[in-house]
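Visitor:
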Amino acid sequence: MTSYKLFDSKEELLQRLGDEGRKIIRIGDKKICLVLYQGEFHVFDHLCPHNQHSLLEGAINYKNEVVCPLHAYRFSLKDGMECEQRTKPLKIHSLKIENDGVFLQVND
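By the count of our numbering, the sequence shown reaches residue 446 at its end, each step adding exactly one.
Right, here's the structure in full:
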């Protein structure tokens, strides 16, 4: 797992997320979705593993799954598994908020 400092504080993170509560984070050539949903931060790969469609606008349902807007594949935000195991899992990453900043831990 590789760690990257994204923001100097949680306040900066919230400001950058804005009203939508969603943002694409670029780490080199990789894009990662950062979503604030019901008070929790979720971080996952930008593209659906099924058909490489952006998950940035994907709904998050009551089961804590992100739903791909293209074919409605649903991925657990805990472990990345697709609910019906029709495709490979979505990579889930983590966010750590510490006194010296906000850090993204990328699951390589």
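Ideal Cβ placement from N, Cα and C applies to all residues, glycine included. Remember, predicted model here, so these are calculated numbers, not experimental data.
Go ahead and label residue 446 buried or exposed: buried means 16 or more other beta carbons lie within 10 angstroms of its beta carbon, across all protein chains shown.
Guide: Exposed.
Visitor: Pull up the distance between the alpha-carbon of residue 385 and that of residue 440, whole angstroms please.
Guide: Taking the straight line from one Cα to the other gives about 23 Å.
Visitor: Do the region 384-403 and the region 416-427 make contact, defined as three or more Cβ pairs closer than 8 Å?
Guide: yes
Visitor: Could you check which residue in 370, 343, 436 has the C-alpha nearest to that of residue 392?
Guide: A check of alpha carbon separations from residue 392 across 370, 343, 436 identifies 370 as the nearest.
Visitor: Going by beta-carbon coordinates alone, are residue 415 and residue 431 separated by less than 8 Å?
Guide: no
Visitor: Please state the DSSP three-state secondary structure of residue 348.
Guide: helix
Visitor: Note down, in chain order, each residue of its chain lying with its Cβ closer than 7 Å to the Cβ of residue 405, except the 5 sequence neighbours on either side.
Guide: 396, 397, 399, 412
Visitor: For residue 443, which three-state DSSP category applies?
Guide: strand
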